[in-house]
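Q: Those letters in the sequence shown? Residues 147 to 415, per this note's numbering, in order. Backbone N, C-alpha and C fix where the C-beta goes; we use that ideal spot for every residue, glycine too. Structure provided below as structure tokens; questions to follow.
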Amino acid sequence: MPELAIPQSVVVGIDGSKSAMRAALWAIDEAVSRDAPLRLLCAAEPGDTREAAATSIRRAVKAIEAAGKPVKIETEVVPGRAIGSLISASASAAMVCVGAVGLRHFQPGRMGSVAAALAISARCPVAIIRGRDGRPAADSILVELDGSPDNGVLLGAAVEEARLRGAAVRAIICRRPAPQGQAEDDRRALAGLDRRLARWKRRYPDLRVDSTAVHGGLLEYLTYHRRSVGLVVVGARNGQQVRELLGPAGSAVLQDTDCSVLIVDQQHL
């Protein structure tokens with residue numbers, strides 16, 4: 147008989163911070179939707195004790211169980227640095243979820259070092275979670291489509307997150323302002339975008355989708371709409387966009403919001 151495939155787990159980096167706890171609660175639905183284990187991983191870094199790490203794990207387990215959802219929980223305390231441990235775990239994970247800012251190297255308004263390193267080096271999709279209760283409070287999943295080869299993957303990921311979380315997809319095209327014929331150019335761009343969205347609307351008739359052409363970049367758009375966006379889906383291969391969102395400028399825009407970031411790559415889905 148052929149061997150049954152073992153479902154990849156959804157890994158959450160636990161460090162005792164409130165931010166990590168939010169990531170664990172956010173990840174529950176990801177694991178349940180995949181019928182996959184939710185694996186809580188805590189690294190006992192140099193100077194830490196295994197008991198402190200185990201305590202952080204127990205607190206996370208208690209919070210997850212209190213959510214009352216049918217998710218299988220796995221736990222692991224590993225020696226070493228959190229960054230290396232999570233990157234290693236990403237090789238066999240369906241997704242890695244971390245809080246935007248952990249206990250170590252905390253700086254107000256700055257992305258945590260673990261989250262930033264994972265965004266670059268992880269071998270699976272990475273969710274970097276903000277918010278106050280573990281769930282995107284806003285009602286939109288934002289994705290920018292620019293004609294790149296991975297746009298289909300990004301749109302698909304945005305749709306699946308929207309369905310999972312009862313949210314709407316907000317698909318945007320970022321354009322440079324044109325001195326003449328701007329309105330007509332926008333109409334043509336939106337017509338092309340709407341054709342791409344039509345397939346998903348046919349597949350999921352209840353899916354709520356909004357498409358918009360905006361003048362400026364993604365971060366500029368978020369500056370004015372950040373409080374209505376619960377999750378931004380971006381491509382790992384768009385290094386400039388990832389660096390903008392996770393760097394000082396993006397962190398400053400998103401620091402007081404519930405806007406999380408999901409980084410995906412075509413080869414990982």
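I need the DSSP call for Ile409, collapsed to helix, strand or coil.
A: Sequence index remark: in the sequence shown, residue 409 carries index 263 (1-based). Strand at Ile409.
Q: Helix, strand or coil: which one does DSSP assign to Thr358?
A: One-based indexing of the sequence shown puts residue 358 at position 212. Thr358: strand per DSSP, three-state reduction.
Q: At the level of alpha carbons, what is the spacing between Lys208 and Ile319?
A: Counting from one through the sequence shown, the residue named residue 208 turns up at place 62. Counting from one through the sequence shown, the residue named residue 319 turns up at place 173. Cα to Cα, Lys208 sits roughly 42 Å from Ile319.
Q: In angstroms, rounded to a whole number, what distance separates the CA positions of Ile266 and Gly293?
A: To locate residue 266, count along the sequence shown from 1; it is residue 120. To locate residue 293, count along the sequence shown from 1; it is residue 147. Each residue's alpha carbon lies about 22 Å from the other.
Q: Would you kindly work out how many angstroms separate the C-alpha atoms of Gly280 and Ala329, rounded to a whole number?
A: Locating residue 280 in the sequence shown gives position 134, where the first residue counts as 1. Locating residue 329 in the sequence shown gives position 183, where the first residue counts as 1. Interpretation of Gly280 is limited by its pLDDT of 46, a score under 50 that renders its predicted location unreliable; no figure is taken from the coordinates.
Q: Measure the CB-CB distance between Leu186 and Val224 and report whether it falls below 8 Å.
A: For the purposes of this step, residue 186 is taken as residue 40 along the sequence shown, with counting starting at 1. For the purposes of this step, residue 224 is taken as residue 78 along the sequence shown, with counting starting at 1. No, they are not a contact pair.
Q: On the criterion of 16 or more Cβ atoms from any shown chain inside 10 Å, does Leu364 qualify as buried, or is it exposed?
A: For the purposes of this step, residue 364 is identified with residue 218 of the sequence shown, where counting begins at 1. Buried, because 16 or more other Cβ atoms sit within 10 Å of the Cβ of Leu364.
Q: With DSSP as the reference, label Ser294 as helix, strand or coil.
A: In the sequence shown, the residue the question calls residue 294 occupies position 148. If DSSP states are grouped into helix, strand and coil, Ser294 belongs with coil.
Q: For the region 339-358 and the region 370-380, state whether three or more C-beta atom pairs, one from each stretch, are separated by less than 8 Å.
A: No, because fewer than three Cβ pairs between the region 339-358 and the region 370-380 fall closer than 8 Å, the two stretches do not touch.
Q: Can you say whether Arg196 is buried or exposed, counting buried as having 16 or more other CB atoms within 10 angstroms of its CB?
A: The residue you call residue 196 lines up with position 50 of the sequence shown. When all chains shown are included, Arg196 counts as exposed.
Q: When DSSP labels each residue in this structure, what does Arg185 get in the three-state scheme?
A: Locating residue 185 in the sequence shown gives position 39, where the first residue counts as 1. Strand at Arg185.
Q: Let me make sure I understand the geometry here. Which of Ser357, Ile409, Leu171 has the alpha-carbon closest to that of Gln386?
A: What you label residue 386 is simply residue 240 of the sequence shown in a count that begins at 1. Closest by alpha carbon: Ile409.
Q: Check Thr369 in the structure and name its three-state DSSP category.
A: Here residue 369 refers to the residue found at position 223 when the sequence shown is read from its first residue. Helix.
Q: Could you check the C-alpha separation between Ser406 and Asp331 for me, to the nearest Å?
A: On the sequence shown, position 260 is the one that residue 406 refers to. On the sequence shown, position 185 is the one that residue 331 refers to. Ser406 and Asp331: Cα-Cα distance of roughly 31 Å.
Q: Nearest-angstrom Cα distance between Val260 and Ala228?
A: Numbered from 1 along the sequence shown, position 114 holds the residue referred to as residue 260. Numbered from 1 along the sequence shown, position 82 holds the residue referred to as residue 228. If I take the Cα positions, the gap works out to 7 Å.
Q: Output the boundary residues of the alpha helix (DSSP H) element that contains Leu264.
A: Taking the first residue of the sequence shown as 1, we reach residue 264 at position 118. Start and end: 259-267.
Q: Relative to the C-alpha of Gln401, which residue among Leu301, Val388, Gly277, Glu307 is closest?
A: Within the sequence shown, residue 401 is the residue found at index 255, counting from 1. Measuring from the Cα of Gln401, the nearest candidate turns out to be Gly277.
Q: Closest to Asn384 by CA distance: which of Asp296, Ala359, Ala169 is it?
A: To locate residue 384, count along the sequence shown from 1; it is residue 238. With distances taken between Cα atoms, Asn384 lies closest to Asp296.
Q: How about Ala314 and Ser286: are their beta carbons less than 8 Å apart?
A: As a working note, residue 314 is residue 168 in the sequence shown. As a working note, residue 286 is residue 140 in the sequence shown. It is a contact, given that the beta carbons lie within the stated cut-off.
Q: When DSSP labels each residue in this structure, what does Val207 get in the three-state scheme?
A: For this step, residue 207 is matched to residue 61 along the sequence shown. Reduced to three states, the DSSP call for Val207 is helix.
Q: Would you kindly report the start and end of the unbroken alpha helix (DSSP H) that includes Ser231?
A: For the purposes of this step, residue 231 is taken as the residue at position 85 of the sequence shown. That run of the alpha helix (DSSP H) goes 228-236.
Q: At what residues does the beta strand (DSSP E) containing Arg316 begin and finish?
A: Within the sequence shown, residue 316 is the residue found at index 170, counting from 1. First-last of the beta strand (DSSP E) with Arg316: 314-321.
Q: With distance defined between alpha-carbon atoms, name the residue in Lys347, Pro351, Ala169, Val360 nearest to Val247.
A: Here residue 247 refers to the residue found at position 101 when the sequence shown is read from its first residue. Measuring from the Cα of Val247, the nearest candidate turns out to be Ala169.
Q: Would you report the Cα separation of Ser165 and Arg348, rounded to the nearest angstrom?
A: Reading the sequence shown from its first residue, position 19 is the one you call residue 165. Reading the sequence shown from its first residue, position 202 is the one you call residue 348. C-alpha separation (whole angstroms): 37 Å.
Q: Locate the beta strand (DSSP E) running through Gly171, then write down its first and last residues.
A: Here residue 171 is taken as the residue at index 25 of the sequence shown, counted from 1. Correcting the residue type first, residue 171 is Leu in the shown sequence and not Gly. Looking at the DSSP string, Leu171 is not in any beta strand (DSSP E); the run it does join, the alpha helix (DSSP H), is 164-180.
Q: Tell me the DSSP secondary structure of Val247 in three-state form.
A: In the sequence shown, the residue the question calls residue 247 occupies position 101. Of the three classes helix, strand and coil, the one that applies to Val247 here is coil, per DSSP.
Q: Determine, using beta carbons only, whether Leu184 and Ala173 come nearer to each other than 8 Å.
A: By 1-based counting over the sequence shown, the position of residue 184 is 38. By 1-based counting over the sequence shown, the position of residue 173 is 27. Cβ atoms of Leu184 and Ala173: closer than 8 Å.
Q: Excluding sequence positions up to five away, which residues of its chain have a Cβ less than 7 Å from the Cβ of Ile160?
A: Counting from 1 along the sequence shown, the entry for residue 160 is found at position 14. Here the set comprises Ala166, Ala170, Leu186, Leu187, Cys188, Ser202, Ile203, Ala206.
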